[in-house]
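These protein sequence lines map, in sequence, to chains A and B.
Per our numbering, the very first residue in the first sequence carries number 2; after that it's consecutive.
Per our numbering, the very first residue in the second sequence carries number -11; after that it's consecutive.
C-beta atoms are modelled at their ideal positions from N, C-alpha and C, and glycine is treated no differently.
Notes to accompany the following structure.
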Amino acid sequence: MRYAGQLGLRLRIVILSAVVAVTVQGRAAVYYVVVAGLGGEPDYEQRFTAAAKDLDKVFKAADNTAHVFTLTGAQATTSQLKETLSAVARDAKADDAFVLILIGHGSFDGVEYKFNLVGPDVTAGEIAAMCDRIPSRRQLVVDTTSASGGAIPALERPGRAVIAATKSGTEKNATVFARYWVEALQDPAADTDKSDSISAMEAFAYATTKTAAFYDSQKRLATEHAVFDDVGHGEPVRASGNGQGALMSSFTLLRLGTSQQAANDPAKKGLLAKKEELEQKIDTLKYQKAAMDPADYKTQLTAALLELAKVQEGLDK
Amino acid sequence: MRRFASSLVLLSMCAAGAVASAAVPADCWSLRKHGHRQEAQACFDGLMRGGDAYARAEGFWGLEEWEQANEQFRLATQPANSKAVYKVRWGMLLHERFNNPQAADLFRETLAKEPSNGEAYLGLAIVSADGFDGKATEYAAKAIELDPKLSGAHELMANLALENDDRDLAIAEADKALALDKDAMDAMAVHAAVELIADRSPDPWFAKIAAINLGYGEAYARVGHQLEMHYRYEDAVTYYRRAVKADPRLWAAHSALGIDLMRMGKEDEPRAELELSYNNGYRDAATVNSLRLLDSYKNFKTFRDETTILKLKKTEADLLQPYMQAELHTIIVTYEKKYRMKLPAPVQLEVYPDHEDFAVRTMGMPGLGALGVTFGEVVAMDSPSARKPGDFNWGATLWHEMSHVYILTATNHRVPRWFTEGLAVHEEGEHSQEWSDRVTPEVLIAIREKKLLPLAALDRGFVYPEYPSQVVVSYFQGGSICDFVKAKWGEEKLLEMVHSYAQSKTTAQVVQQDLGLALEEFDKQYLAWIDKKYGGEAAHFDEWREKLKALVVASQQKQYDKVLAQGPAVLAMYPEYVGDANVYELMAEADRVNGDAKAEAAALTAYEHEGGQDPAVLKRLATLEEGAGRQAEAAATLARLNYIYPVKNEELHRRLGDLLYGKKQYDGAIREYVAVVASSPVDKAGAEFHLAQAYLAAGQKDKAQESVLAALEVAPGYRPAQKMLLELNQSPEK
């Protein structure tokens, strides 16, 4: 996922720096906690459980070192959730990433958001408090429930990206966002920058596009408008810009391939540096596109892309 | 276009309602009617200055001070014992000022107080006629029954009859109006229109009108409206022009002229006419919405070639243009051969993704107007994106509308509604059996209840339906009549009928000459044919419905064995039914649960061949076909979806592209991958890369290079694309 224009260039540099950091320090672990809340009706129960199980499968298949905790059915209680998050808080390191995904129904009374679970519901404040105890510096909370927009103020914190299926607590109808969030992690098309991984931003973009298309094709007024916040304060947004989106763009949610392994070969450091240089050159060109002569842009872009392809060929050998 | 002279309608009552004043309203309106404009103005001015609220209302109305007139009518009708005529006249003012709902309320209030008020019934008839409500005739007849001397009711009856193309009745009613009022100019206009429609000179009637009032533009405008109702759009323009020439202040005619010119594909002159009308206070929905539509044209993209002009909304132009232009060309080749003629000019197709925009193009037109509409060589239709997936087949609609283009041209616009609509429906089925007009439940009920109309009266079913589904039933009937002609006499007879209509023959003459039958005998034979074909289904319709309900319940209760056991018998009772909760889908669901993919595919294939159009169901069928290794059938199934819902359907185009690519049908694959790119996909890089692959396979290396660069521009590190770029640039030919 890229920004357009200058912001994209800056972000690119941020992402590349992150890649280098990972290369030096080795690969951090990811802790995934997926919760399918109370369905209330058999149809919802089945749908929420199936979505949670699909995610469980996807995360485990993508990375056999990942720590995946999935709570469904009778297990989806506040005490189980607390226990699970306590375990993560105990085991996770600061460099590890933490992902919490909530699927189900939510409610908002104008003041407080609650995630519906078997037994007592859990409030957004309680969820935030549990997440705060987890040492991971990079956290992602995805609340796909109805009224989930009402949870954002409580969940916001620097270093934590928060995604909600609804723009506020007043969008109270059952959502379809979860369906497309799961689909984003199953569909390679979600990897729009072809980096062999799906970032939180790519998954968000995929799910919001598909959710909008769902309502459009059904000729129904959309009753959910997903938003995110990844600066840790203020109003959530629906698209990148003004600082929002940087964390989510660099937050790898799922790895699809083994590209990172090739990049770890010290013998190819020169090529890697060249690759980075070319990627920056391409970003700069794209930023300048509007102001350039189209033919000149095309010539320069073709040359840079060709050179990059050759460098990549060298890296892949 | 019915508001040309509503202020003059019900004129006779004004005298009765007048009070002592310098003049009575009837005198002022009479002066206006007879062309004494200045004297009329002075007369209305006198009324306006009088002491009686009702007279002041009429005065303000005559002076075109609508708000004040409205206020005075309000005052005049406040006393409990106010005369009934006041409310009727107030209703007519509201009708004239584009407020039919409140006008109808006032007419009904009058009737509640005075049930025998003929003028109120006439008011209701006028309002109903505006919306092509079948009750218009009923109300007008009631008005005449209550007040046989109401010449305006006869004039309205004459107009309604002519809109239904019942020319004899139109003449008879016009004559009745003239017998009651020798200056009934609207009746004379009906006579003039009848003459024009029959290709005779209308001049004697216009001379009579001119003798009464040289500036009575309404007469020409009414003729223009009738010409439009008979598909004579160019001729209508001529008469609207004469209307505004005779009375330059006839804003309704300026608006009608603008709208008619829009229907002919023009933009500048319509804008000028509509703005003139709007700026002078004529702001009915048709005028306002037409101006808005003209403004929105900046958001459209136009594609032109030798035979077609395609106007598409920019947001979906790149996606739809390849499909629609190709289909237009196929249709033109087919119809040129079939009808042995060429169109004199390129045909213009306008496609609206916003149904409200399309609706503007059909305002003031009878019938459903729901899918497409043809004005000579201009076709306007909904985009598939304007409708719920599965509700609409743009391909069938385009074949239908293009049939109108050819038939209107071939007959020089001398064709009854039933025949051009019927032939257009017939052509849909001729192109694809799956597109033939389904015998829907409402049609079966109409057959069972013997509601099909005699051929001589079939136009009425399209224009002034007497029951809610009569338009749908009439389309079916028109189409099946053409099917019947083909089955009994051969397809060639339909072309002969086209040629006969071109000679301005009546339906009775055409049927007698080309089919050798009197109309009554034709009706008899057609009904016998229909009864043989659908009589059984119609007779057992209620039984079928009950059995289908039971099958749905069984399916909901997961009694799939019961569904599979009883389904075939229910299906056999009414196999054409592919609507909600159809047997095909119920059985396919049961087969799916049983894990019988072959049987599920068979059920869905039957659904497809009966014309089932649910995109999700057809995609499921394609998946089953693909799973069974029947790639060609899967591709054919997905290709059908391109006619149903090609928009916002990236997955469809990608799947079809992949199938065609796999079968080395690279041109088709390119078309589909282009559609993926035009669908604003989430995976832009992937879409461009697949397109590049197809171009490369088709030997179009330059285009492959363009597409692969587009992919890499989005995702510079996209390795398959990088490899292709290297391959393309290492190739000796590059």
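- In this structure, the straight-line span from the alpha carbon of A:R91 to that of A:Q313 is close to 41 Å.
- The beta carbon of B:Y127 sits closer than 8 Å to the beta carbons of Y109, L110, L112, A113, S116 from its chain, once the five residues preceding and following it are set aside; these are given in chain order.
- The Cβ-Cβ distance between B:M712 and B:A686 does not fall below 9 Å.
- The Cβ neighbour count for A:D97, taken over all protein chains shown within 10 Å, is at least 16; the residue is labelled buried.
- Bounds of the alpha helix (DSSP H) holding B:E151 are 139 to 151.
- Counting only Cβ-Cβ distances below 8 Å, A:K220 has contacts in chain B at R375, K376, in chain order.
- For A:S196, the chain B residues whose C-beta falls within less than 8 Å of its own C-beta are A703, G705, listed in chain order.
- Around the C-beta of B:K164, 16 or more other C-beta atoms lie within 10 Å, and the residue is accordingly described as buried.
- Not a single C-beta of chain B is nearer than 9 Å to the C-beta of A:T212.
- In chain order, S116 place their CB closer than 7 Å to the CB of B:K123, counting only its own chain and leaving out the 5 sequence neighbours on each side.
- For the region 439 to 452 of chain B, no residue has a beta-carbon sitting nearer than 7 Å to a beta-carbon of chain A.
- Just so you know, the alpha carbons of B:A146 and B:K101 end up roughly 29 Å apart.
- For A:A175, same chain residues with a beta-carbon under 6 Å away, outside a window of 5 residues either side, are S147 in chain order.
- A Cβ of chain B is located within less than 9 Å of the beta carbon of A:D317.
- For a Cβ distance threshold of 9 Å, nothing in chain B lies close to A:L103: the least Cβ distance comes to about 24 Å.
- Residues H142, M145, A146, A149 of the same chain have their beta carbon placed closer than 7 Å to that of B:E161, with the five preceding and five following residues left out of the count.
- By the 16-neighbour rule on beta-carbons within 10 angstroms, B:S488 is buried.
- Taking 9 Å as the threshold, the shortest C-beta distance from A:K311 to chain B falls below it.
- Per the Cβ contact rule, the region 198 to 209 of chain A is not in contact with the region 73 to 83 of chain A (fewer than 3 Cβ pairs under 8 Å).
- Within the same chain, and ignoring the five residues on either side of A:S108 in sequence, the residues whose Cβ sits closer than 6 Å to its Cβ are K115, A148.
- Under the Cβ distance rule, B:K672 counts among the residues neighbouring chain A, one pair being separated by less than 9 Å.
- Short of 6 Å from the beta carbon of A:V31, and not among the five residues preceding or following it, lie these beta carbons of its own chain, in chain order: A67, A98.
- Annotation: the region 245 to 307 of chain B contains the following complete segments of the beta strand (DSSP E) (minimum length 3 residues), in chain order: 288 to 292, 296 to 301.
- Counting only unbroken stretches of 3 or more residues, the beta strand (DSSP E) elements lying wholly within the region 311 to 364 of chain B are 335 to 340, 360 to 363, in sequence order.
- With distances taken between CA atoms, B:L443 lies nearest to B:F472 out of B:F472, B:R426, B:S424.
- Judged by DSSP secondary structure, A:I135 falls outside any alpha helix (DSSP H); it is assigned neither H nor E.
- Per the Cβ contact rule, the region 191 to 206 of chain B is in contact with the region 226 to 243 of chain B (3 or more Cβ pairs under 8 Å).
- Judged by their CB atoms, B:P404 and B:D447 are nearer to each other than the 9 Å cut-off.
- Our two residues, B:K550 and B:G583, have alpha carbons roughly 16 Å apart in a direct line.
- Below the 8 Å Cβ cutoff, chain B contributes P704, G705 as neighbours of A:E280, in chain order.
- B:E324 and B:L331 have their C-alpha atoms spaced approximately 8 Å apart.
- Taking a contact as a CB-CB distance under 8 Å, the pair B:V393 and B:G466 does not count as one, their CB atoms being some 17 Å apart.
- By the rule that beta-carbons nearer than 9 Å mark a contact, B:N381 does not touch chain A.
- Closer than 7 Å at the C-beta level to chain A, one finds no residue of the region 270 to 302 of chain B.
- Taking 7 Å as the upper bound on Cβ-Cβ separation, chain A lies near residues K636 of the region 624 to 649 of chain B.
- About 5 Å separates the beta carbons of B:A576 and B:L592, which is inside the 8 Å limit, making them a contact pair.
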